[in-house]
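**Q**
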Amino acid sequence: KEFYAKLGQDTPAPGGGFRALARAHNRPLATNHVPGMFGLFFTEAETVSNFSQATACDGERFKRFFHGMLQAGVYLAPSPFEAGFVSSSHDDAAIERTLAAAALVMADL
Numbered sequence: 225k226e227f228y229a230k231l232g233q234d235t236p237a238p239g240g241g242f243r244a245l246a247r248a249h250n251r252p253l254a255t256n257h258v259p260g261m262f263g264l265f266f267t268e269a270e271t272v273s274n275f276s277q278a279t280a281c282d283g284e285r286f287k288r289f290f291h292g293m294l295q296a297g298v299y300l301a302p303s304p305f306e307a308g309f310v311s312s313s314h315d316d317a318a319i320e321r322t323l324a325a326a327a328l329v330m331a332d333l
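All residue numbers for the sequence shown refer to my numbering, where the first residue is 225 and numbers rise by one.
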């Protein structure tokens, strides 16, 4: 029970952190999350909740973000149609390193 409570608590951190970084760099980004999973969509829309909204997002910007993160040593799902996962091995330090890498990549998008 404690594991799932912590997982639910940690999952918003990457998504919310990515969104805050995107806003700081004037990049449009919507995020979705459920415990253990998150999604990233480069779009002006506040939310993305269906296929037509997802396909209207900026796939090229996602590709640049994905490859920038990969070069920084952060492995995300390679498609905006896939989810990112948070597990018990992703402690606060790992999430902070991920967001630090994302800050650098967002600046270059």
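For every residue, glycine included, the Cβ atom is placed at its ideal position computed from N, Cα and C.
Spatial neighbours of residue 331 within its chain, please: C-beta separation below 6 angstroms, excluding the five flanking residues on both sides.
**A** These residues qualify, in order along the chain: 249.
**Q** Report the start-end ranges of each alpha helix (DSSP H) in the region 262 to 321 that is 4 residues or longer and not cut off at the edges.
**A** List check, alpha helix (DSSP H) in window: 275 to 279 and 283 to 295.
**Q** Given residue 278, which residues of its chain have a CB within under 7 angstroms of its CB, disregarding the five upstream and five downstream residues?
**A** 265, 272, 304 and 305.
**Q** Would you kindly work out how many angstroms separate the C-alpha atoms of residue 255 and residue 319, rounded to a whole number?
**A** Using only the alpha carbons, I get a separation of about 16 angstroms.
**Q** By the DSSP assignment, the beta strand (DSSP E) with residue 250 in it spans what residues?
**A** No beta strand (DSSP E) contains residue 250, which DSSP labels as neither H nor E.
**Q** Hey, how far is the Cα of residue 291 from the Cα of residue 308?
**A** One C-alpha to the other measures close to 15 angstroms.
**Q** Measuring CB to CB, does residue 245 end up less than 9 angstroms from residue 323?
**A** Cβ atoms of residue 245 and residue 323: closer than 9 angstroms.
**Q** Candidates 268, 227, 282 and 286: which alpha carbon is nearest residue 260's?
**A** The candidate whose alpha carbon is nearest that of residue 260 is 227.
**Q** CA-CA distance, residue 298 and residue 270?
**A** Taking the straight line joining both Cα atoms gives about 25 angstroms.
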